[in-house]
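*Asks:*
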Amino acid sequence: IIPRVKAVDAKESTDGNPVLIKGWVRTIRKQKTLAFVEVNDGSNMNGIQCVLSFDDIDEETKKELARVTTGCSVVVEGPLVKSQGGKQTVEVAATKLRVVGECPGDAYPLAKKRHSLEYLRTLAHLRPRTNTIAAVARVRSQLAGSIHAFFQKTGFVYVQTPLITASDCEGAGELFRVTTLDIDNASSLPLVKTEDGKDTTDIVDSSQDFFGKPAYLTVSGQLGGETYASAMGDIYTFGPTFRAENSQTTRHLAEFHMVEPEMAFADLDSAMENAEQMLKFVVKHVLDNCQEDLTFFGKFYDKGLIARLEKLVAQPFVRISYRDAIKYLQEEIAKDPSKWQFPEVEFGTDLSTEHERWLAETKFDSAVFVYNYPKSIKAFYMRDNDEDGGETVNAMDLLVPGVGELVGGSQREERLDTLLDKMKEQDLDPDDYWWYLDLRRFGSVPHSGYGLGFERLVTYVCGMENIREAIAFPRYPGHAEF
Ligand code: 4AD
Ligand code: MG
Numbered sequence: 015i016i017p018r019v020k021a022v023d024a025k026e027s028t029d030g031n032p033v034l035i036k037g038w039v040r041t042i043r044k045q046k047t048l049a050f051v052e053v054n055d056g057s058n059m060n061g062i063q064c065v066l067s068f069d070d071i072d073e074e075t076k077k078e079l080a081r082v083t084t085g086c087s088v089v090v091e092g093p094l095v096k097s098q099g100g101k102q103t104v105e106v107a108a109t110k111l112r113v114v115g116e117c118p119g120d121a122y123p124l125a126k127k128r129h130s131l132e133y134l135r136t137l138a139h140l141r142p143r144t145n146t147i148a149a150v151a152r153v154r155s156q157l158a159g160s161i162h163a164f165f166q167k168t169g170f171v172y173v174q175t176p177l178i179t180a181s182d183c184e185g186a187g188e189l190f191r192v193t194t195l196d197i198d199n200a201s202s203l204p205l206v207k208t209e210d211g212k213d214t215t216d217i218v219d220s221s222q223d224f225f226g227k228p229a230y231l232t233v234s235g236q237l238g239g240e241t242y243a244s245a246m247g248d249i250y251t252f253g254p255t256f257r258a259e260n261s262q263t264t265r266h267l268a269e270f271h272m273v274e275p276e277m278a279f280a281d282l283d284s285a286m287e288n289a290e291q292m293l294k295f296v297v298k299h300v301l302d303n304c305q306e307d308l309t310f311f312g313k314f315y316d317k318g319l320i321a322r323l324e325k326l327v328a329q330p331f332v333r334i335s336y337r338d339a340i341k342y343l344q345e346e347i348a349k350d351p352s353k354w355q356f357p358e359v360e361f362g363t364d365l366s367t368e369h370e371r372w373l374a375e376t377k378f379d380s381a382v383f384v385y386n387y388p389k390s391i392k393a394f395y396m397r398d399n400d401e402d403g404g405e406t407v408n409a410m411d412l413l414v415p416g417v418g419e420l421v422g423g424s425q426r427e428e429r430l431d432t433l434l435d436k437m438k439e440q441d442l443d444p445d446d447y448w449w450y451l452d453l454r455r456f457g458s459v460p461h462s463g464y465g466l467g468f469e470r471l472v473t474y475v476c477g478m479e480n481i482r483e484a485i486a487f488p489r490y491p492g493h494a495e496f
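Sequential numbering from 15 applies to the sequence shown in the UniProt record's numbering.
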């Protein structure tokens, strides 16, 4: 049996035995006595070159060569030898090639070499065959693996919190409602008019019967995470979250993934410390393991990328209070307010991406924690900051160059009475959160945690401009193609 070798693992053979290469053809060049077929199997950037000498191949292979086009799938057989060309170190001295699936060149949307990232978004099913999206996918996978590795090695328990929930963790009202579609009865439903005047059967929402109350897709696993932290100490979740944010920005998705550690017996400083250590660990992992892909991003998308990532690993993150952040911004904006889209900044302002990026990129050129935010712009569960005149909560955001907010976290309000007051202030019904309040009744403990937007991390590490490149099938307003 002939072993299969992935392009990334291909090394010059010592015994001259053949191997199999299985992948998709990127290019084919034919000369008088030779053909060069570049096969990409997704394991690395450049795939592997297969050289077919017409003297060494059988009749069948010669016929097959006529069917080889960009995009077709092939199996190639031959020994791995030192490459004659300068581009690569090893190549396949192919003796056999078989086309597995043809790819008609005139119909194949990726037949031409260069495409804009925007155009590729319309081909989400084919774009992983491009250098950029495949490299993002590899780096994303390495990031996910190293996030688990970090938490596992530091004794955190991985908890999967539900995607269907009855509570709005962030209280921002950006929930997708979960409804059931009564397909059996669909034809017997009354016809109603849609907004543009077409007949449709109304959708029957029986989810209230199903769950006994309205249900939603979760915006965050935090509240569930807190219950397990209140029993097991250190836990983390890592899963999909959903927000019906009607924003067409380069930083927001309707479906994204969040990494949410939650730590008992921990204050806000511990949460910041953990976020810094975790980020340094995973970025170092990628620097060590994804050199080829990062070099590609540095060359084609973001010249300063690798230096910036190396700096993130090497330097302590800056920590400033929200009040200081406002002061720095006011001083800078006063110099020339016309340069700013949002020049009004005062205590109570929710910082916009423009403000966040100025702090991280221009002011500090570093990852920056901003802590002690005004109570008025933050969620009900954040711990009141007793030292700060009652105006702020123990919350933090981590801002990074190129992206802005990457992490949001806080120390949680562990005092039952204070939490009840805060819920009242935000018009939340304590009955809906009885179980959450129980955690404050039975062995309450100071605890803290944060949420890292995984796609924002991928965007940052890959030097992409738009978060829509950081996830396989981006969902945003108007876009859920399949
Ligand atoms: O700041 P957020 O809203 O915090 C929470 O949800 C907390 N419950 C987390 C916690 O403390 N356990 O969201 C956390 C992070 C943001 O910093 C951002 O990186 C990302 O999630 N995020 C989004 N990423 C992509 N698309 C969106 N629509 C996002 N909304 C938030
Ligand atoms: Mg936030």
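Every residue, glycine too, gets a C-beta built ideally from N, C-alpha and C.
What are the boundary residues of the beta strand (DSSP E) that includes V90?
*Replies:* As a first step, residue 90 is located in the sequence shown; it is residue number 76 there, counting from the start. Per DSSP, V90 belongs to the beta strand (DSSP E) from 87-96.
*Asks:* Out of curiosity, what's the CA-to-CA distance linking V171 and R257?
*Replies:* Taking the first residue of the sequence shown as position 1, residue 171 is located at position 157. Taking the first residue of the sequence shown as position 1, residue 257 is located at position 243. If you take the alpha carbons of V171 and R257, they lie about 26 Å apart.
*Asks:* Which full runs of the beta strand (DSSP E) of 3+ residues lie inside the stretch 255-296, going along the chain?
*Replies:* For the stretch 255-296, whole beta strand (DSSP E) runs of length 3 or above, ordered along the chain, are 269-278.
*Asks:* Rounded to the nearest angstrom, what separates K389 and Y474 at their Cα positions?
*Replies:* Here the question's residue 389 lines up with position 375 in the sequence shown. Here the question's residue 474 lines up with position 460 in the sequence shown. Taking the straight line joining both Cα atoms gives about 29 Å.
*Asks:* According to DSSP, simplified to helix, strand and coil, what is I161?
*Replies:* To locate residue 161, count along the sequence shown from 1; it is residue 147. Residue state, collapsed to three classes: helix.
*Asks:* Go to G406, then tell me how far its beta strand (DSSP E) extends in each direction, as first and last residue.
*Replies:* Within the sequence shown, residue 406 is the residue found at index 392, counting from 1. Checking the sequence, you will find Thr at residue 406 rather than Gly. Here the beta strand (DSSP E) through T406 covers 406-414.
*Asks:* Hey, would you say the C-beta of G422 is under 7 Å away from at least one heavy atom of the ligand MG?
*Replies:* For this step, residue 422 is matched to residue 408 along the sequence shown. Result yes, Cβ under 7 Å from the ligand MG.
*Asks:* Compute the Euclidean distance between the alpha carbons of M396 and S234, then round it to the nearest angstrom.
*Replies:* As a working note, residue 396 is residue 382 in the sequence shown. As a working note, residue 234 is residue 220 in the sequence shown. Cα to Cα, M396 sits roughly 14 Å from S234.
*Asks:* Should C304 be listed as close to the ligand 4AD, given that the test is whether its C-beta is under 7 Å from any heavy atom?
*Replies:* For this step, residue 304 is matched to residue 290 along the sequence shown. No, the ligand 4AD has no heavy atom inside 7 Å of this Cβ.
*Asks:* Just how far apart, CA to CA, sit V300 and D379?
*Replies:* For the purposes of this step, residue 300 is taken as residue 286 along the sequence shown, with counting starting at 1. For the purposes of this step, residue 379 is taken as residue 365 along the sequence shown, with counting starting at 1. Cα to Cα, the separation comes out at about 21 Å.
*Asks:* Helix, strand or coil: which one does DSSP assign to R337?
*Replies:* Here residue 337 refers to the residue found at position 323 when the sequence shown is read from its first residue. Looking at R337 - three-state DSSP - the assignment turns out to be helix.
*Asks:* Can you tell me whether D441 sits near the ligand MG, meaning its C-beta is under 7 Å from at least one heavy atom of the ligand?
*Replies:* As a working note, residue 441 is residue 427 in the sequence shown. No, Cβ of D441 sits at least 7 Å from all heavy atoms of the ligand MG.
*Asks:* Tell me which residues share the same chain as residue 14 and place their Cβ nearer than 6 Å to its Cβ, disregarding the 5 neighbours each side in the sequence.
*Replies:* With the chain covering 15 to 496 only, the question about residue 14 has no answer from this structure.
*Asks:* For A80, does the three-state DSSP call read helix, strand or coil?
*Replies:* One-based indexing of the sequence shown puts residue 80 at position 66. Three-state DSSP puts A80 in coil, outside helix and strand.
*Asks:* What did DSSP end up calling D72 once you bin it into helix, strand or coil?
*Replies:* Locating residue 72 in the sequence shown gives position 58, where the first residue counts as 1. In this structure, D72 counts as coil in the three-state DSSP scheme.
*Asks:* Can you give the Cα-Cα distance for L48 and F68, rounded to whole angstroms?
*Replies:* Stepping through the sequence shown from its first residue, residue 48 is reached at position 34. Stepping through the sequence shown from its first residue, residue 68 is reached at position 54. C-alpha separation (whole angstroms): 6 Å.
*Asks:* Residues in its own chain within less than 6 Å of I16 by CB, not counting five upstream and five downstream?
*Replies:* The count along the sequence shown starts at 1 and reaches residue 16 at position 2. Closer than 6 Å at the Cβ level, and outside the excluded window around I16, lie P32, L34.
*Asks:* Tell me which residue opens and which closes the beta strand (DSSP E) that V22 is part of.
*Replies:* In the sequence shown, the residue the question calls residue 22 occupies position 8. Element bounds for V22: n/a, residue is neither H nor E.
*Asks:* Could you pull the start and end residues of the beta strand (DSSP E) that Y385 belongs to?
*Replies:* If you number the sequence shown from 1, residue 385 lands on position 371. From DSSP, the beta strand (DSSP E) with Y385 extends over 382-388.
*Asks:* Go to E419, then tell me how far its beta strand (DSSP E) extends in each direction, as first and last residue.
*Replies:* Here residue 419 is taken as the residue at index 405 of the sequence shown, counted from 1. Segment 418-425, the beta strand (DSSP E) holding E419.
*Asks:* Could you check whether H461 and A278 sit closer than 8 Å to each other, using their CB atoms as the reference points?
*Replies:* For the purposes of this step, residue 278 is identified with residue 264 of the sequence shown, where counting begins at 1. For the purposes of this step, residue 461 is identified with residue 447 of the sequence shown, where counting begins at 1. A contact, by the Cβ cut-off of 8 Å.
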